[in-house]
Amino acid sequence: MSIDLKTIKHISKLARISVDEQRAEKLAGDLNSIFEFIEKLNELKTDNVEPLTSIAETTLKLRSDEVKSKNIREQIIKNSPQDNEDYFVVPKVIE
Amino acid sequence: MSDITKQSLTELVENIKNKKLSSRDVTKAFIDRSEKSEKLNAYITNDFTSALDKAKKFDQKPNFDLKLPGIPIAVKDLFCTKNIKTTAGSKILNNFVPTYESTVTENIWNEGAILLGKLNCDEFAMGSSNETSFFGNVQSPIDRNLVPGGSSGGSASAVAGQLSPVTIGTDTGGSIRQPASFTGIVGLKPTYGSCSRYGIVAFASSLDQAGPIAQNVKDCALLHEVISSYDPKDSTSIDFKRNHYSKELINNIKGKKIGIPKEYRVDGMPNEIEDLWQKGIQYIKDCGAVTIDISLPNTSYALPTYYIVAPAEASSNLARYDGVKYGFRAKGENLIDMYEKTRSEGFGAEVQRRIMIGTYVLSSGYYDAYYLKAQKVRKLIKNDFDEAYKKVDAILTPSTPSSAFKIGEKTNDPISMYLNDIFTVPANLAGLPGISIPAGHDTKGYPLGLQIIGKAFDEQNILNIAYAMEEKINFKNRITDWWIK
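Those protein sequence lines, which keep their order, are chains G and Y. Take any residue in the first sequence, note its place counting from 1, add 77, and you have its number in the working numbering. Take any residue in the second sequence, note its place counting from 1, add 39, and you have its number in the working numbering.
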């Protein structure tokens, strides 16, 4: 299997990371060698193996849905790169 | 007392309780040494002024019933600290100030500890050498231009260099044990679910665990006792009966059965590592325990499995960094363009690489071939340990396949960097506790570590084994203070 530039472009779009030509080529090289290493798993027959989906074999506990953090709105907004005091601001979405 | 920073955590606690030292004496000593140690680049953010204030307050109204009375402690910058910048070593969180405190750090403050500062680490804990941090690489106190290991490299440097009596790190694939091994100190990765993940910047949620890094096993046990707790705020936190790990620490391991897994004898492993392992086996026998040859047949599949599971979870966890609610934002022509540029400029190369791997293995048409396959192999790896633990109480292996390497030596070859974690990753995949203790030096004079892997929730047992071995090994770390003029 080989990951080509077209695939890199596709993944970078899914991952929302812009990648220029030069980086795309570097990434293709890196990913190909990493996947070559990963392909080792194909040596193993796993048809009848149950996948491990949770390492902590416990059932989720229920808790009441209560507000614990109060009056931190200002501090939360302060962390945003752009705001207008009441909202997070993003580039215009609707024309 | 001029040698305050040389004292162990246990000694400092004793001396504060006996009023031979004040919290201010201790805090001031570690701040002074930290200030002289800028060259190590161990800190991302210091909180020295406020630490001194807190120490003074403690001395005015001391509470000697606490487990860490007025003890200054620096923590990895992956733990959210309320009102104190938390970066995860990334440009994308460069200016993030949490409105909440991680449970693990909350636990240490509740026992009287005082925050010294936030320690450097690989970006989002992705790395084995502390070279991926946006804030620059960390130097090892062992030698100039030597990596301290990673991802908790700043934490390891801070303990080995005596900038903080102990620290807290996180371990997703070896990020506590490998740097502890590289710098000649002790690091414990607890059982998955033992320490709360609440407030820790997430990397791979099914693998991440916080744990103590210390000068010796007793300090490690004490800090672990404080940080391990059941926490309703983490849905994978496990409610089990926790020991008084430091009080119950004993060096009698007579009759314990220790497994030696033949699959950890990997191709190309230096003789020095094999020799160290053999010495470890002898120490075990000297302690009156027995060693038993065991097999963990799927060991060689652990690293490839890890490099599917961890990036997959990371790509999902890191989707939240979009430049909207917090962190760095790049200018974009529209919303999507802003997202893509923010993530391209905000994440470093290694993080981007792992997000790309993770996105690919989870993408339509590849999920079964990679992610599902990895989950199945993960089950086989866990089964290997379950089988082994029918015969043995714990397992002894080397911590790393080599000693620390030079800065820049492996940055261009991701696979050779990943191979550093070959002995530590299996415990994360199986959710088991593992401890690395310093056990000798290689021909270059660099420290080498041995790892003890235990059964789930059996931290007391591996701490006891480590404690007994520590006494026999009698390791002395060679710290020359090369970075202090």
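We treat Cβ as the ideally placed atom computed from N, Cα and C, and that holds for glycine.
Exercise for review: Give the DSSP-derived three-state secondary structure of His263 (chain Y) in the structure shown.
Suggested key: Start at 1 with the first residue of the second sequence, and residue 263 (chain Y) comes out as number 224. Looking at His263 (chain Y) - three-state DSSP - the assignment turns out to be helix.
Review point. Pick from Y:Leu132, Y:Asp64 and Y:Thr44: whose alpha carbon is nearest that of Thr84 (chain Y)?
Key: Translated into positions along the second sequence, residue 84 (chain Y) becomes position 45. That would be Y:Leu132, whose Cα lies nearest to the Cα of Thr84 (chain Y).
Review point. Asn467 (chain Y) and Thr211 (chain Y) look like a contact to me (Cβ under 8 Å); what is the Cβ gap, rounded to whole Å?
Key: To locate residue 467 (chain Y), count along the second sequence from 1; it is residue 428. To locate residue 211 (chain Y), count along the second sequence from 1; it is residue 172. With 8 Å as the limit, Asn467 (chain Y) and Thr211 (chain Y) qualify as a contact, their Cβ atoms being about 6 Å apart.
Practice item. Indicate whether Val19 (chain Y) and Ile266 (chain Y) have their beta-carbon atoms separated by less than 8 Å. Key: It is not possible to answer for residue 19 (chain Y), since the shown part of chain Y is limited to 40 through 524.
Exercise for review: Taking 8 Å as the threshold, find out whether the stretch 90 to 110 of chain Y comes into contact with the stretch 358 to 374 of chain Y through three or more Cβ pairs.
Suggested key: Contact between the stretch 90 to 110 of chain Y and the stretch 358 to 374 of chain Y is absent, because fewer than three Cβ pairs lie under 8 Å.
Review point. Buried or exposed: Leu458 (chain Y), going by 16 or more other Cβ atoms within 10 Å of its Cβ?
Key: Against the second sequence, residue 458 (chain Y) aligns to sequence position 419. Buried.
Point to revise | Those runs of the beta strand (DSSP E) which lie wholly inside the stretch 137 to 199 of chain Y and span at least 3 residues | key: Those beta strand (DSSP E) runs which fall completely within the stretch 137 to 199 of chain Y and span 3+ residues are 153 to 158.
Review point. Just checking, does the stretch 95 to 105 of chain Y make contact with the stretch 45 to 64 of chain Y on the three C-beta pairs under 8 Å criterion?
Key: yes
Practice item. Give the residues from the stretch 98 to 123 of chain G that approach chain Y closer than 7 Å (Cβ to any Cβ), ordered along the chain. Key: Leu104, Asp107, Leu108, Ser110, Ile111, Phe114, Ile115, Lys117, Leu118, Leu121 and Thr123
Point to revise | chain G residues whose Cβ lies nearer than 8 Å to that of Met395 (chain Y) | key: Within the second sequence, numbered from 1, the residue matching residue 395 (chain Y) stands at position 356. Under the 8 Å cutoff, chain G gives Ile85, Ile88, Ser89, Ala92, Ile94, Leu104 and Leu108.
Exercise for review: Tell me, please, which residues DSSP counts as bridged to Asp332 (chain Y).
Suggested key: By 1-based counting over the second sequence, the position of residue 332 (chain Y) is 293. Asp332 (chain Y) is bridged to Y:Ile299.
Exercise for review: Identify, in the order they occur along the chain, each residue of the same chain with its Cβ nearer than 7 Å to the Cβ of Ser68 (chain Y), setting aside the five sequence neighbours on each side.
Suggested key: Position 29 of the second sequence holds residue 68 (chain Y). The question names Ser, yet the displayed sequence has Ala at residue 68 (chain Y). Beyond the five residues adjoining it in sequence on each side, Ala68 (chain Y) comes within less than 7 Å, by CB distance, of Ile43 and Thr44 in the same chain, given in chain order.
Exercise for review: Pull up the distance between the alpha-carbon of Met40 (chain Y) and that of Ser73 (chain Y), whole angstroms please.
Suggested key: Sequence index remark: in the second sequence, residue 40 (chain Y) carries index 1 (1-based). Sequence index remark: in the second sequence, residue 73 (chain Y) carries index 34 (1-based). Summary for Met40 (chain Y): the model assigns pLDDT 49, below 50, so the residue's position carries little reliability, and this model does not support an answer.
Practice item. In angstroms with no decimal places, state the Cα-to-Cα distance between Tyr322 (chain Y) and Ile512 (chain Y). Key: The residue you call residue 322 (chain Y) lines up with position 283 of the second sequence. The residue you call residue 512 (chain Y) lines up with position 473 of the second sequence. A straight-line Cα-Cα distance of about 7 Å links Tyr322 (chain Y) and Ile512 (chain Y).
Check your understanding: On the premise that Val205 (chain Y) lies in contact with Ile252 (chain Y), defined as a C-beta separation below 8 Å, what is that separation, rounded to the nearest angstrom?
Key -> As a first step, residue 252 (chain Y) is located in the second sequence; it is residue number 213 there, counting from the start. As a first step, residue 205 (chain Y) is located in the second sequence; it is residue number 166 there, counting from the start. Contact flag correct, Cβ pair sits at about 6 Å.
Check your understanding: What number of angstroms, rounded off, separates the C-alpha of Thr49 (chain Y) from the C-alpha of Phe163 (chain Y)?
Key -> For the purposes of this step, residue 49 (chain Y) is taken as the residue at position 10 of the second sequence. For the purposes of this step, residue 163 (chain Y) is taken as the residue at position 124 of the second sequence. So the two alpha carbons sit approximately 31 Å from each other.
**Study point:** Residues within the stretch 405 to 418 of chain Y neighbouring chain G, beta-carbon criterion of under 8 Å
**Key:** Of all residues in the stretch 405 to 418 of chain Y, only Tyr409, Leu411, Lys412, Ala413, Gln414, Lys415, Val416, Arg417 and Lys418 place a beta-carbon less than 8 Å from a beta-carbon of chain G.
Check your understanding: For Ser475 (chain Y), which beta-bridge partners are listed by DSSP?
Key -> Residue 475 (chain Y) sits at position 436 when you count from the first residue of the second sequence. Ser475 (chain Y) pairs with Y:Gly226 and Y:Gln490.
Point to revise | First through last residue of the beta strand (DSSP E) which encompasses Asp210 (chain Y) | key: Numbered from 1 along the second sequence, position 171 holds the residue referred to as residue 210 (chain Y). Per DSSP, Asp210 (chain Y) belongs to the beta strand (DSSP E) from Val205 to Asp210.
Exercise for review: Could you tell me if Arg183 (chain Y) is buried or exposed, where buried requires 16 or more neighbouring beta carbons within 10 angstroms of its beta carbon?
Suggested key: By 1-based counting over the second sequence, the position of residue 183 (chain Y) is 144. The residue in question, Arg183 (chain Y), is exposed, as its Cβ has fewer than 16 Cβ neighbours within 10 Å.
Exercise for review: Starting from the C-beta of Asn282 (chain Y), find all residues in its chain whose C-beta is less than 6 Å away, skip the five residues before and the five after it, and write them out in chain order.
Suggested key: In the second sequence, counting from the first residue as 1, residue 282 (chain Y) sits at position 243. Contacts found: Gln499.
**Study point:** Straight-line Cα distance separating Ser172 (chain Y) from Leu185 (chain Y)
**Key:** Stepping through the second sequence from its first residue, residue 185 (chain Y) is reached at position 146. Stepping through the second sequence from its first residue, residue 172 (chain Y) is reached at position 133. Taking the straight line joining both Cα atoms gives about 16 Å.
Check your understanding: For Ile94 (chain G), which of Y:Tyr485, Y:Lys524, Y:Ser129 and Y:Glu384 has the nearest alpha-carbon?
Key -> Locating residue 94 (chain G) in the first sequence gives position 17, where the first residue counts as 1. Looking at the Cα atoms, Y:Glu384 is the closest of the given residues.
Check your understanding: Is the number of C-beta pairs between the stretch 313 to 328 of chain Y and the stretch 215 to 223 of chain Y that are closer than 8 Å three or more?
Key -> no
Exercise for review: Please name the residue, chosen from Y:Ile112, Y:Asp376, Y:Glu77 and Y:Arg236, that lies closest to Glu150 (chain Y) on a Cα-to-Cα basis.
Suggested key: Position 111 of the second sequence, counting from 1, holds the residue named residue 150 (chain Y). Closest in alpha carbon position to Glu150 (chain Y), among Y:Ile112, Y:Asp376, Y:Glu77 and Y:Arg236, is Y:Ile112.
Review point. Tyr231 (chain Y) by DSSP, collapsed to three states: which one?
Key: For the purposes of this step, residue 231 (chain Y) is taken as residue 192 along the second sequence, with counting starting at 1. Tyr231 (chain Y) falls in the coil class under three-state DSSP.
Exercise for review: Answer yes or no: do Lys75 (chain Y) and Ile518 (chain Y) have a C-beta to C-beta separation smaller than 8 Å?
Suggested key: Taking the second sequence and counting its residues from 1, the one referred to as residue 75 (chain Y) is at position 36. Taking the second sequence and counting its residues from 1, the one referred to as residue 518 (chain Y) is at position 479. No, Cβ-Cβ distance for Lys75 (chain Y) and Ile518 (chain Y) is not below 8 Å.
Practice item. Could you name the residues of the same chain whose beta carbon sits closer than 6 Å to that of Trp521 (chain Y), not counting the 5 residues immediately before and after it, in chain order? Key: Counting from one through the second sequence, the residue named residue 521 (chain Y) turns up at place 482. Only Arg183 meet the Cβ criterion.
Check your understanding: Are there three or more Cβ pairs, one per stretch, closer than 8 Å when the stretch 481 to 500 of chain Y is compared with the stretch 136 to 148 of chain G?
Key -> no
Point to revise | Among Y:Pro180, Y:Ala197, Y:Ala90 and Y:Met165, the one whose alpha carbon lies nearest that of Ala152 (chain Y) | key: The residue given as residue 152 (chain Y) occupies position 113 in the second sequence. Checking every option, the nearest Cα to that of Ala152 (chain Y) belongs to Y:Ala90.
Review point. Are Ile115 (chain G) and Ile347 (chain Y) touching if we call contact CB-CB under 8 Å?
Key: Along the first sequence, one-based indexing puts residue 115 (chain G) at 38. Along the second sequence, one-based indexing puts residue 347 (chain Y) at 308. Yes, Cβ-Cβ distance for Ile115 (chain G) and Ile347 (chain Y) is below 8 Å.
Practice item. List the residues of chain G that Pro453 (chain Y) touches, going by C-beta distances under 7 Å, in chain order. Key: Residue mapping note: residue 453 (chain Y) aligns to position 414 of the second sequence, counting from 1. Neighbours of Pro453 (chain Y) on chain G, chain order: Asp107 and Ile111.
Exercise for review: Look up Asn85 (chain Y) in the DSSP assignment and say whether it is helix, strand or coil.
Suggested key: Walking along the second sequence from the start, residue 85 (chain Y) turns up at place 46. Asn85 (chain Y) falls in the strand class under three-state DSSP.
Check your understanding: For the candidate residues Y:Val329, Y:Asp247, Y:Phe444 and Y:Ala341, whose alpha-carbon lies nearest to that of Glu302 (chain Y)?
Key -> Counting from 1 along the second sequence, the entry for residue 302 (chain Y) is found at position 263. For Glu302 (chain Y), the closest alpha carbon among the candidates Y:Val329, Y:Asp247, Y:Phe444 and Y:Ala341 is that of Y:Ala341.
Practice item. Quick one: residues in its chain with C-beta nearer than 6 Å to the C-beta of Ile396 (chain Y), no 5 flanking neighbours on either side, listed in chain order? Key: Residue numbering aside, residue 396 (chain Y) sits at position 357 when the second sequence is read from its first letter. If the five residues before and after Ile396 (chain Y) are omitted, its C-beta is found closer than 6 Å to the C-beta atoms of Pro350, all from its own chain and listed in chain order.
Review point. Thinking C-alpha only, which one of Y:Ile333, Y:Phe496, Y:Asp361 and Y:Ile320 is nearest Lys280 (chain Y)?
Key: Within the second sequence, numbered from 1, the residue matching residue 280 (chain Y) stands at position 241. Residue Y:Phe496 is the option with its Cα nearest to Lys280 (chain Y).
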